[in-house]
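Here the structure is laid out as structure tokens; the discussion comes afterwards.
Numbering (the numbering used here), first residue to last: 178 to 531.
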């Protein structure tokens with residue numbers, strides 16, 4: 178299994194953050210599978226608010242979130258917040274600093290935490306979520322993956338004191354264990370992606386894979402590194418490749434991610450990243466193809482393929498044909514399923530199983 182072109186992670190990162198990156202869980206966007214799981218947690222524990230919370234070195238990320246549907250409708254109205262319906266709880270960006278809440282304590286202690294009335298615990302009573310969000314009761318359990326890394330929590334909250342009891346504590350632990358099946362599935366997909374990348378390592382064309390709305394670079398093949406220089410691990414396109422960002426590639430990748438449609442960027446003129454030919458200006462065309470989760474259809478990344486057109490005339494159709502050939506190689510590995518020809522008009526992207 179080839180690992181060429183992949184990054185070990187930034188220096189100083191914890192194992193937890195590296196695991197979240199590898200699982201594609203290191204940013205706070207909503208995930209339908211985790212939202213459904215949060216709804217299940219709220220239903221089983223009879224709590225009004227529930228979360229699936231992943232925690233890296235810097236922040237908490239609520240990939241799964243459930244609040245009562247009526248308050249969600251009110252929150253969607255202009256100028257309204259969830260507090261207008263009596264639930265003082267608002268997380269529009271699905272993230273929190275490490276100083277807020279009680280999940281960081283669960284992760285640090287690697288054990289469940291039940292707070293029936295937070296005000297009765299001096300250690301926790303001054304936490305910002307008590308005054309800012311009206312949280313009065315908390316129940317959470319750690320998510321410990323198969324590498325024995327605590328990557329987050331499953332938790333439920335209430336704005337009134339609660340007697341959680343042994344039964345609810347057992348419920349939240351069982352829910353955490355059940356959620357690990359979803360994590361194992363993502364681990365299996367990671368192994369499939371390793372095989373997928375092997376098909377790209379020997380390609381003579383620059384290939385790059387970015388994750389999430391932040392366009393973090395997850396993979397770049399040898400030709401990409403040789404042509405444009407080695408990227409910063411998990412850096413954005415604009416940070417890792419200022420020339421490409423200034424030429425519009427970051428915008429093209431962002432457009433593919435947010436619209437779910439393939440984009441093509443032509444006539445990108447840059448100075449060569451190779452020391453021996455740095456004075457030579459090269460002209461590239463790029464196709465940016467969104468990647469979708471098969472089960473939900475949610476876009477979670479973008480595959481970018483470049484073609485050097487400096488010395489010869491290449492058409493947009495030829496670039497699309499190249500991308501289609503790469504899709505065929507991926508399909509042979511069973512790692513992705515194409516839903517439309519990348520680069521072609523109306524293309525909707527590649528589908529990753531999940």
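Glycine included, every Cβ here is placed at the ideal spot set by N, Cα and C. Since we're looking at a predicted model, the values are computed, not measured.
In the DSSP annotation of this structure, the continuous segment of the alpha helix (DSSP H) that includes residue 400 starts and ends at 399-405. Counted as a single uninterrupted DSSP element, the alpha helix (DSSP H) harbouring residue 430 occupies residues 426-436.
Here the stretch 355-373 makes no contact with the stretch 303-312; the two share fewer than three CB pairs at distances below 8 Å. For residue 435, the closest C-alpha among the options 465, 461, 416 is that of 465. In terms of Cβ geometry, residue 242 and residue 228 form a close pair [threshold 8 Å]. C-alpha of residue 336 to C-alpha of residue 314: approximately 6 Å in a straight line. Counting C-beta pairs with one atom in each stretch, the stretch 361-377 and the stretch 326-344 have fewer than three that are closer than 8 Å, which means they do not touch. Excluding the 5 residues flanking it on each side, residue 330 has same chain C-beta neighbours closer than 7 Å at 230, 280, 283, 284, 317, 318, 319, 320, in chain order. Beyond the five residues adjoining it in sequence on each side, residue 348 comes within less than 7 Å, by CB distance, of 221, 222 in the same chain, given in chain order.
Across the structure, residue 292 and residue 478 are spaced so that their CA atoms are roughly 38 Å apart.
With a threshold of 16 other beta carbon atoms within 10 Å, residue 198 meets it and is buried.
Scanning its chain for C-beta atoms nearer than 6 Å, with the 5 sequence neighbours on each side dropped, one finds around residue 194 the residues 233, 234, in chain order. Here residue 192 has 326 as same chain residues with Cβ atoms under 7 Å from its own Cβ, once five neighbours each way along the sequence are excluded. Contact annotation: residue 447 and residue 421 have beta-carbon atoms nearer than 8 Å. The Cβ atoms of residue 383 and residue 483 sit closer than 8 Å to each other. No residue range can be given for residue 297, since it is assigned to no beta strand (DSSP E) and is classified by DSSP as neither H nor E.
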